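Novice: To start, I am sharing the structure in question, which I have written as structure tokens.
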Amino acid sequence: MKALAAGIGVVFLSPILIASTGMMLASSADAVQSSGSFSNCLTDLDTDKVAEQVTKILDGASGKNVHIKGLDLPAEQVPNAATIVATGLSLDVPKKGRIVALATAMQESRLRNLNYGDRDSLGLFQQRPSQGWGSAQQIRDPVYASEQFYKHLLKVNGWQQMTITQAAQAVQRSGYPDAYAQWEKLATALQEAIAKTFPGGNDADSKDADQGKQPSTGTSGCAPGQDGSGFGRIPEGSVPKGYAIPRDADPKARKAIEWAMHQLGTLYQWGGSCTNAHGPDPMGRCDCSSLMQQAYAHAGVTLTRTTYTQVNEGKAVPNAQLEPGDLIFSRGTAARPEHVGMYMGEGLVIEAPRTSKPVRITPIKDWTILAARRVL
Numbered sequence: 001m002k003a004l005a006a007g008i009g010v011v012f013l014s015p016i017l018i019a020s021t022g023m024m025l026a027s028s029a030d031a032v033q034s035s036g037s038f039s040n041c042l043t044d045l046d047t048d049k050v051a052e053q054v055t056k057i058l059d060g061a062s063g064k065n066v067h068i069k070g071l072d073l074p075a076e077q078v079p080n081a082a083t084i085v086a087t088g089l090s091l092d093v094p095k096k097g098r099i100v101a102l103a104t105a106m107q108e109s110r111l112r113n114l115n116y117g118d119r120d121s122l123g124l125f126q127q128r129p130s131q132g133w134g135s136a137q138q139i140r141d142p143v144y145a146s147e148q149f150y151k152h153l154l155k156v157n158g159w160q161q162m163t164i165t166q167a168a169q170a171v172q173r174s175g176y177p178d179a180y181a182q183w184e185k186l187a188t189a190l191q192e193a194i195a196k197t198f199p200g201g202n203d204a205d206s207k208d209a210d211q212g213k214q215p216s217t218g219t220s221g222c223a224p225g226q227d228g229s230g231f232g233r234i235p236e237g238s239v240p241k242g243y244a245i246p247r248d249a250d251p252k253a254r255k256a257i258e259w260a261m262h263q264l265g266t267l268y269q270w271g272g273s274c275t276n277a278h279g280p281d282p283m284g285r286c287d288c289s290s291l292m293q294q295a296y297a298h299a300g301v302t303l304t305r306t307t308y309t310q311v312n313e314g315k316a317v318p319n320a321q322l323e324p325g326d327l328i329f330s331r332g333t334a335a336r337p338e339h340v341g342m343y344m345g346e347g348l349v350i351e352a353p354r355t356s357k358p359v360r361i362t363p364i365k366d367w368t369i370l371a372a373r374r375v376l
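The sequence shown begins at 1 in full-length UniProt numbering and counts up one residue at a time.
Below you can see the structure in the form of structure tokens.
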């Protein structure tokens, strides 16, 4: 299978690697997206049609009569997608990982093997030589670039429980962390169409099946209401218009959420006890973990004081199965996270973010979730 990935790169991508700089700049100037907008969410994508058109390209069609929504240059982009899928298969990466890789490459380069990018970014994934991804020549090798992306992805703790956009962001650390989600449906369609063309391509998905069927997007950016994006911009310290604590929320979780909401707008204080957030003493204000501790204390549930210990409270919860009141952790590592917030339902999280910022409500799509705990 390793040879298969390399072969795909040679057969399909050599013309791209030797293309002149002028051609690359002229044809790819609009390839790198600089916005996190979800205006291009491909929610009406006909996956059967995509498979049909992808097959034409893989069978040698020129691309002139091939039309795939979301791909402007399918004759170039589909072979690159095939290389990414083939490399994932050769490394025994589960199907979801291949979808993450395709969505990432769609966002970063529009599946183009670019010889330019932001600062020294290059290639399909816009990897940077200065950040240890390899030499410029290596990064421009689509097989090498794909291998590096997968190796970094597989090192992310809990990536299979993350949404597609969260997993991509955990690897890429993009300035537009939400933008990967808009490519999920197209990436899924491409992966399915391409994997079927490889021997054992479908069998490699057994890893996903062995883990039980899990939603690939508990909080996809293309599903307003699940990831909080449907509320639009949320002014700091305010409750989004239309939000209400879900009726089926656990009564203790409801009390904790309600109490936390009464602290909205109060300034963060590192080490603050959160016992009098509206009072004159700064140390009575909240930091992230004391907000969680005091919110649950008012619901009759005792929590420890820090994120480092709260991450061991209760029981672990998959990201796709969050319920109101669950604690979610980010920054740092899953074993030692540096930030915690409380899931409120409807794709929203209440948090005390950092110094100079108030207690606020944010969409869960803005979070890279390292761990989640249910303390009830």
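Don't be surprised by glycine CBs; every beta carbon is placed ideally from N, CA and C. Note that the structure is predicted; figures quoted are calculated from it, not measured.
Evaluate Arg-336 with the Cβ neighbour count: other Cβ atoms within 10 Å of its Cβ, from every protein chain shown; 16 or more gives buried, anything less gives exposed.
Specialist: For the purposes of this step, residue 336 is taken as residue 336 along the sequence shown, with counting starting at 1. Looking at its Cβ environment, which holds fewer than 16 other Cβ atoms inside 10 Å, Arg-336 is exposed.
Novice: Considering only the beta carbon of each residue, do Gly-228 and Leu-348 sit closer than 8 Å?
Specialist: Position 228 of the sequence shown, counted from the first residue, corresponds to residue 228. Position 348 of the sequence shown, counted from the first residue, corresponds to residue 348. It is a contact, given that the beta carbons lie within the stated cut-off.
Novice: Measuring alpha carbon to alpha carbon, tell me which residue in Ala-103, Glu-258, Ile-139 is nearest Tyr-116.
Specialist: Taking the sequence shown and counting its residues from 1, the one referred to as residue 116 is at position 116. When only C-alpha atoms are compared, the closest one is Ile-139.
Novice: Rounded to whole angstroms, what is the Cα-Cα separation between Gly-325 and Glu-346?
Specialist: Here residue 325 refers to the residue found at position 325 when the sequence shown is read from its first residue. Here residue 346 refers to the residue found at position 346 when the sequence shown is read from its first residue. Taking the straight line from one Cα to the other gives about 12 Å.
Novice: Quick one: what's got a C-beta closer than 6 Å to Ala-295's C-beta in the same chain, skipping five residues either side?
Specialist: Position 295 of the sequence shown, counted from the first residue, corresponds to residue 295. Once the five neighbours on either side are set aside, the close Cβ partners of Ala-295 are Ala-256, Trp-259, Ala-260.
Novice: Quick check: Thr-307 and Asn-157, are their CB atoms within less than 8 Å of each other?
Specialist: Within the sequence shown, the letter at position 307 stands for residue 307. Within the sequence shown, the letter at position 157 stands for residue 157. No; because the gap between Cβ atoms is not below 8 Å, this pair is not in contact.
Novice: Going by CA-CA distance only, name the one from Glu-108, Ala-167, Lys-196 that's closest to Ala-86.
Specialist: Taking the first residue of the sequence shown as position 1, residue 86 is located at position 86. Of Glu-108, Ala-167, Lys-196, the residue nearest in Cα terms is Lys-196.
Novice: On the three-state DSSP scale, how would you describe Ala-249?
Specialist: The sequence position of residue 249 within the sequence shown is 249, counting from 1. DSSP places Ala-249 in coil when its eight states are reduced to three.
Novice: Since Val-340 contacts Gln-310 with CB under 8 Å, what's their CB separation in whole angstroms?
Specialist: Here residue 340 refers to the residue found at position 340 when the sequence shown is read from its first residue. Here residue 310 refers to the residue found at position 310 when the sequence shown is read from its first residue. That pair is a contact at about 6 Å.
Novice: Ignoring anything shorter than 4 residues or poking outside the UniProt domain "NlpC/P60" (250-376), list the alpha helix (DSSP H) runs there in chain order.
Specialist: For the UniProt domain "NlpC/P60" (250-376), whole alpha helix (DSSP H) runs of length 4 or above, ordered along the chain, are 251-261, 288-297, 307-310.
Novice: Secondary structure at Leu-45, three-state DSSP: helix, strand or coil?
Specialist: Taking the first residue of the sequence shown as 1, we reach residue 45 at position 45. Looking at Leu-45 - three-state DSSP - the assignment turns out to be coil, as it is neither helix nor strand.
Novice: Hey, Ala-103 and Glu-192: beta-carbon distance below 8 Å or not?
Specialist: As a position in the sequence shown, residue 103 is number 103, starting the count at 1. As a position in the sequence shown, residue 192 is number 192, starting the count at 1. No; because the gap between Cβ atoms is not below 8 Å, this pair is not in contact.
Novice: Determine the extent of the alpha helix (DSSP H) in which Arg-98 is found, giving its start and end residues.
Specialist: Position 98 of the sequence shown holds residue 98. 95-109 is the span of the alpha helix (DSSP H), which, as asked, contains Arg-98.
Novice: Are the region 162-173 and the region 139-148 touching, with three or more C-beta to C-beta distances below 8 Å?
Specialist: Segments in contact, no.
Novice: Please report how far the alpha carbon of Ala-187 lies from the alpha carbon of Gln-269, in whole angstroms.
Specialist: Residue 187 sits at position 187 when you count from the first residue of the sequence shown. Residue 269 sits at position 269 when you count from the first residue of the sequence shown. C-alpha separation (whole angstroms): 42 Å.
Novice: Which whole-angstrom value is the C-beta distance of Tyr-180 and Gly-97, which I expect to be below 8 Å?
Specialist: Numbered from 1 along the sequence shown, position 180 holds the residue referred to as residue 180. Numbered from 1 along the sequence shown, position 97 holds the residue referred to as residue 97. No, Tyr-180 and Gly-97 are not in contact; Cβ-Cβ is about 14 Å, not under 8 Å.
Novice: In the structure shown, what three-state DSSP assignment does Gln-126 receive?
Specialist: Taking the sequence shown and counting its residues from 1, the one referred to as residue 126 is at position 126. Per DSSP, reduced to three states, the secondary structure at Gln-126 is coil, with no helix or strand assignment.
Novice: Go ahead and label Pro-74 buried or exposed: buried means 16 or more other beta carbons lie within 10 angstroms of its beta carbon, across all protein chains shown.
Specialist: For the purposes of this step, residue 74 is identified with residue 74 of the sequence shown, where counting begins at 1. Looking at its Cβ environment, which holds 16 or more other Cβ atoms inside 10 Å, Pro-74 is buried.
Novice: Would you list the one or two residues that DSSP bridges to Ile-68?
Specialist: Walking along the sequence shown from the start, residue 68 turns up at place 68. Note: Ile-68 sits in a beta bridge opposite Leu-71.
Novice: Alpha carbons only, please: which of Arg-374, Ile-245, Gly-63 is nearest the one belonging to Met-344?
Specialist: What you label residue 344 is simply residue 344 of the sequence shown in a count that begins at 1. For Met-344, the nearest C-alpha among the options comes from Ile-245.
Novice: Locate the alpha helix (DSSP H) running through Ile-234, then write down its first and last residues.
Specialist: Here residue 234 corresponds to residue number 234 of the sequence shown, with the count starting at 1. No alpha helix (DSSP H) holds Ile-234; DSSP gives it neither H nor E.
Novice: Kindly give me the distance between the Cβ atoms of Glu-351 and Thr-362, rounded to whole angstroms, as I take these residues to be in contact under 8 Å.
Specialist: For the purposes of this step, residue 351 is taken as residue 351 along the sequence shown, with counting starting at 1. For the purposes of this step, residue 362 is taken as residue 362 along the sequence shown, with counting starting at 1. Yes, they are in contact, since the Cβ atoms of Glu-351 and Thr-362 sit about 6 Å apart, within 8 Å.
Novice: Would you tell me roughly how many angstroms separate the C-alpha atoms of Met-283 and Thr-302, rounded to the nearest one?
Specialist: Translated into positions along the sequence shown, residue 283 becomes position 283. Translated into positions along the sequence shown, residue 302 becomes position 302. C-alpha separation (whole angstroms): 20 Å.
Novice: Please work out which residues of its chain come closer than 8 Å, Cβ to Cβ, to Tyr-243, disregarding the five sequence neighbours upstream and downstream, and give them in chain order.
Specialist: Numbered from its first residue, the sequence shown carries residue 243 at position 243. Same-chain partners within the cutoff: Phe-231, Met-344, Glu-346, Leu-348, Ile-361.
Novice: Using DSSP with H/G/I as helix, E/B as strand and the rest coil, what is Tyr-243?
Specialist: As a working note, residue 243 is residue 243 in the sequence shown. In the structure shown, Tyr-243 sits in coil (DSSP, three-state: anything other than H, G, I, E or B).
Novice: Looking at C-alpha atoms only, which residue of Asn-80, Ser-90, Leu-154, Lys-95 is the closest neighbour of Phe-125?
Specialist: Position 125 of the sequence shown holds residue 125. The shortest C-alpha separation from Phe-125 is found at Asn-80.
Novice: With respect to the alpha helix (DSSP H) encompassing Lys-151, which residues constitute its N-terminal and C-terminal limits?
Specialist: Looking up residue 151 in the sequence shown gives position 151. Unbroken alpha helix (DSSP H) run through Lys-151: 142-154.
Novice: Could you have a look at Ala-168 and say whether DSSP puts it in helix, strand or coil?
Specialist: Residue numbering aside, residue 168 sits at position 168 when the sequence shown is read from its first letter. In this structure, Ala-168 counts as helix in the three-state DSSP scheme.
Novice: May I ask you to report which of helix, strand or coil DSSP gives Trp-183?
Specialist: The count along the sequence shown starts at 1 and reaches residue 183 at position 183. Helix at Trp-183.
Novice: Give me the Cα-Cα distance between Asp-59 and Ala-167, rounded to the nearest whole angstrom.
Specialist: Locating residue 59 in the sequence shown gives position 59, where the first residue counts as 1. Locating residue 167 in the sequence shown gives position 167, where the first residue counts as 1. C-alpha separation (whole angstroms): 32 Å.
Novice: For the alpha helix (DSSP H) containing Ala-136, list its first residue and its last residue.
Specialist: Here residue 136 corresponds to residue number 136 of the sequence shown, with the count starting at 1. Residues 136-139.
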